[in-house]
Structures are given as C-alpha cells and as structure tokens.
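For the working numbering, count along the sequence shown from 1 and bump the result up by 2.
Ideal placement from N, C-alpha and C gives every residue a C-beta, glycine not left out.
The next block holds one structure in the form of structure tokens; read it before the comments.
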Amino acid sequence: MAVFLPRRCTLKLLAFTAAFSFLSFLVALRTAFHVESSQQQQQQQADLTPLGDAVLLTDLLRAESPHRGKVKDVFRTCANELTFQGRVDENKTDVLLNCFLGALKSAQYSQTVPALPDPVREFLSLPIVNPHNPDFLIDSSGACAQRAVETLFVSPSAPEYFERRQAVRSSNRGLYVKDKHNNAALLFFVGLPSEDPTGKVLEEIRTESTTYGDIVLVRFEDKYKNILQKALAMLRWAIDFCPNAEHVIRTDDDVNVTVTDLISVMRRVHKQNANFVIGKRMVNDVPARSNNKWHLSEEEYPETTFPPYVLGGLIGYPLTTVRLLYEATLRLKSIWLDDVYVTGLCARKLNIPVLEDERFVFQHQLKKGDFEEQT
Numbered sequence: 003m004a005v006f007l008p009r010r011c012t013l014k015l016l017a018f019t020a021a022f023s024f025l026s027f028l029v030a031l032r033t034a035f036h037v038e039s040s041q042q043q044q045q046q047q048a049d050l051t052p053l054g055d056a057v058l059l060t061d062l063l064r065a066e067s068p069h070r071g072k073v074k075d076v077f078r079t080c081a082n083e084l085t086f087q088g089r090v091d092e093n094k095t096d097v098l099l100n101c102f103l104g105a106l107k108s109a110q111y112s113q114t115v116p117a118l119p120d121p122v123r124e125f126l127s128l129p130i131v132n133p134h135n136p137d138f139l140i141d142s143s144g145a146c147a148q149r150a151v152e153t154l155f156v157s158p159s160a161p162e163y164f165e166r167r168q169a170v171r172s173s174n175r176g177l178y179v180k181d182k183h184n185n186a187a188l189l190f191f192v193g194l195p196s197e198d199p200t201g202k203v204l205e206e207i208r209t210e211s212t213t214y215g216d217i218v219l220v221r222f223e224d225k226y227k228n229i230l231q232k233a234l235a236m237l238r239w240a241i242d243f244c245p246n247a248e249h250v251i252r253t254d255d256d257v258n259v260t261v262t263d264l265i266s267v268m269r270r271v272h273k274q275n276a277n278f279v280i281g282k283r284m285v286n287d288v289p290a291r292s293n294n295k296w297h298l299s300e301e302e303y304p305e306t307t308f309p310p311y312v313l314g315g316l317i318g319y320p321l322t323t324v325r326l327l328y329e330a331t332l333r334l335k336s337i338w339l340d341d342v343y344v345t346g347l348c349a350r351k352l353n354i355p356v357l358e359d360e361r362f363v364f365q366h367q368l369k370k371g372d373f374e375e376q377t
C-alpha cells in the first residue's frame with residue numbers, strides 16, 4: 003500500500019536523507035582506516051582532514067558522549083539549510099557540508115577550550131544557532147604557510163577598490179609585511195560584486211589574486227549590509243589558515259596607521275592580557291533608530307545602549323581572542339553592525355576586556371593620494 007506524505011514532510015525527509023548520507027560517508031571513512039596509535043589519531047583530528055572529521059564525529063556521537071545531543075541539534079539546523087522557499091535547493095548541498103564541518107570544528111574546539119571562567123565555558127557549550135561557515139572561492143592559503151607569522155593584517159575591501167588595495171601595498175603597512183624579518187602577512191577580503199554583468203570585475207579580482215597572492219574572495223554579495231559576513235570571514239580565515247599567528251590586526255583599506263606603534267602596543271598589551279580587543283573604544287554609544295546608514299530597529303536590538311566596543315577601522319586582538327570571538331558568533335544572536343556585534347556583544351559575553359591606547363589609532367584619508375603612513 004502506497005503511503006503519501008505531506009509536501010513539507012517530503013522536503014524535510016529529502017533534506018535529512020542528503021544530510022545523513024554525508025554523515026554516513028564520514029563514519030564510513032572512520033572504519034576504512036586503521037589508526038595505529040593514539041598519537042596518530044590526535045594528529046588526524048588536529049589536521050581536520052576527512053578522516054580526522056570522521057574520527058571526531060564518531061567520538062562525539064558515542065551514546066555516552068555528553069556532546070551527542072548538541073551535535074545532533076547543530077546537524078538538524080544545518081540540514082534545514084537545504085530547504086529554500088518550499089523546495090529542496092540542490093545548489094545548497096555545499097552549504098550543508100560547510101555548515102556541518104564547521105560545527106565539527108567548533109565541537110572539537112569546545113573539548114580543548116583553554117581555562118576560562120565557568121559562565122564563559124557554559125556559554126561556549128551552548129548549541130550553535132548561527133551555523134555560518136564562510137565559503138572561500140579564493141583562499142590565498144599560502145600567505146601564512148610554511149613560515150612563522152607574528153602579525154596578520156586583514157583588511158576588508160570592496161571588489162572594485164583596486165586602487166585602495168594598491169595604495170595599502172605601497173604604503174609602509176605593505177612595506178612592513180614585505181620585510182621577511184617582520185614575520186607579517188597581509189590579506190584583503192572581498193565578496194562577490196553586486197553589479198558585474200560582464201564579469202569584468204570578478205576577472206580583475208582573479209588576476210589581482212594571481213599577481214599578489216593576497217586576495218580572499220568570499221561567496222556572498224558584497225554590499226554594506228553584509229559587512230558582518232566579511233568580518234566573520236576574516237576571523238575564520240585567521241583560525242583556519244594562519245593558526246600560529248600571535249596577533250591579528252584589522253585595518254580598513256582607506257585608513258592611515260603608524261605600523262610600528264600598532265605592533266609595539268600589541269606586544270606590550272599581550273604580555274599583560276591573554277585575551278583582549280583594542281582600538282578606538284566607544285562607550286555608551288546608542289543604536290541609530292532613525293532611517294540612516296546604520297539603522298538598527300528595536301526588534302533587531304532592544305537595548306538602548308551598546309556595550310563598549312571598538313570601531314571597525316582598526317581592531318587588534320590575539321589569535322586566541324579571535325578564536326573565542328568566532329565561537330561566540332556561532333552562539334549569540336547577531337546584529338548586522340559587525341564592530342558592535344563582534345567587539346562589543348560577543349566580547350561582553352566572553353568577559354574579554356575592550357581596551358584603547360593613544361598609540362593604537364587610525365585616521366581616514368582626507369583626499370585621494372593622502373596615504374602616507376609612518377613607520
């Protein structure tokens with residue numbers, strides 16, 4: 003006798019079937035290989051290769067594992083990504099895979115999280131509610147490969163801002179990075195152009211990437227309201243591709259900074275604080291309720307003031323803080339204002355100090371050509 007399911011149930015069933023097929027693939031990998039020693043197993047897990055993911059997945063889904071329920075919750079959330087406007091979107095299969103692999107990495111981190119206050123540990127053990135996992139179309143993963151990196155500079159940019167990026171490369175910021183003795187790297191982060199009917203901008207970006215090796219192209223529409231996606235991509239890139247860096251310094255592509263001052267401040271403050279965020283500190287700032295560029299409705303953010311945060315033009319943090327902040331973004335309801343969200347709301351949740359220093363400052367360019375940084 004044939005059994006007919008409602009359309010919604012059928013869609014969910016298809017989504018979960020595809021998702022569990024992927025899960026079964028990982029578990030099959032686990033049994034296909036023999037782990038000769040516990041040391042090898044730990045290395046495989048740390049590398050997060052497909053086998054490492056399978057090992058981790060098997061451990062997390064053991065019946066007695068305290069993480070089993072949390073991973074299953076995340077898995078359901080990721081599976082829902084396959085449905086779009088009442089139908090199964092086959093194009094979202096990669097979204098599911100990235101989403102779930104991101105959840106695995108987060109679950110792995112939660113088991114090795116450094117000593118933190120109990121409230122912070124409890125928060126980081128909460129289920130993931132924002133299973134974002136940036137899709138890097140160009141990852142420039144070699145920028146930090148096979149060398150020591152003390153400072154990673156990351157710069158949000160727009161696809162069409164070729165001249166700005168070239169100005170940064172020619173400035174003392176770029177010269178500092180080019181000096182191998184400084185152990186520094188510089189990456190520009192861009193999304194997909196909103197208007198590029200001929201594909202010319204995207205092709206120029208690919209050419210720029212080939213020439214300089216410092217472009218990270220992320221799969222999202224590059225517009226102002228999507229600045230949080232770019233901020234999350236910068237955090238995640240640092241974690242995945244530059245995990246041995248000491249510090250990460252984010253600078254806009256249209257600001258002037260004194261590079262040696264930034265480095266000096268980061269070194270000094272890091273000796274005093276294991277985790278911190280530093281920049282132009284904003285205190286008692288209020289959300290813009292009027293209809294302007296930074297509008298934030300009461301529904302999006304009901305509080306009347308923001309917690310202390312630093313402006314996105316210049317932000318410094320140790321890599322340990324970058325990882326903690328990214329973990330927080332997976333669990334805390336987001337707002338689109340990236341600097342407020344990451345360095346304010348997430349930092350507050352993690353009890354991370356938000357600092358400022360008179361030497362850790364930036365200035366926006368006043369006019370074209372006014373780009374003379376000091377060493």
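SER157 and SER127 have their alpha carbons spaced roughly 31 Å apart.
Contact annotation: TYR328 and SER336 have beta-carbon atoms that are not nearer than 8 Å. Spatial neighbours of ILE207 in its own chain (CB-CB distance under 7 Å, excluding positions within 5 residues in sequence) are listed in chain order as PRO161, VAL192, ILE217 and LEU219. Following the DSSP letters along the chain, one finds PRO121 inside the alpha helix (DSSP H) bounded by residues 120-126. VAL271 and ALA240 have their C-alpha atoms roughly 20 Å apart.
Cβ atoms of VAL267 and ASP359 come within 8 Å of each other, at about 5 Å. As the crow flies, the alpha-carbon of VAL257 is around 31 Å from that of THR200.
Here VAL250 really is in contact with LEU321; their C-beta atoms are around 6 Å apart, less than 8 Å. ILE317 sits away from VAL285, with the two beta carbons spaced by 8 Å or more. For PHE191, the enclosing beta strand (DSSP E) has its first and last residue at 186-194. The segment 345-352 makes contact with the segment 305-316; the number of CB pairs closer than 8 Å reaches 3 or more. Annotation: VAL363 to ASP137 spans about 32 Å, alpha carbon to alpha carbon. Pairing LYS282 with PHE125 gives a Cβ-Cβ distance that is not under 8 Å. Contact annotation: LEU332 and ILE130 have beta-carbon atoms nearer than 8 Å.
Classified as exposed, TYR226 has fewer than 16 neighbouring CB atoms from the shown chains inside 10 Å of its CB. Of the residues assessed, ASP255 falls on the buried side of the cut-off, its CB having 16 or more other CB atoms within 10 angstroms. DSSP places GLY144 in no alpha helix (DSSP H); its state is neither H nor E. The beta carbons of TYR214 and ARG171 sit closer together than 8 Å.
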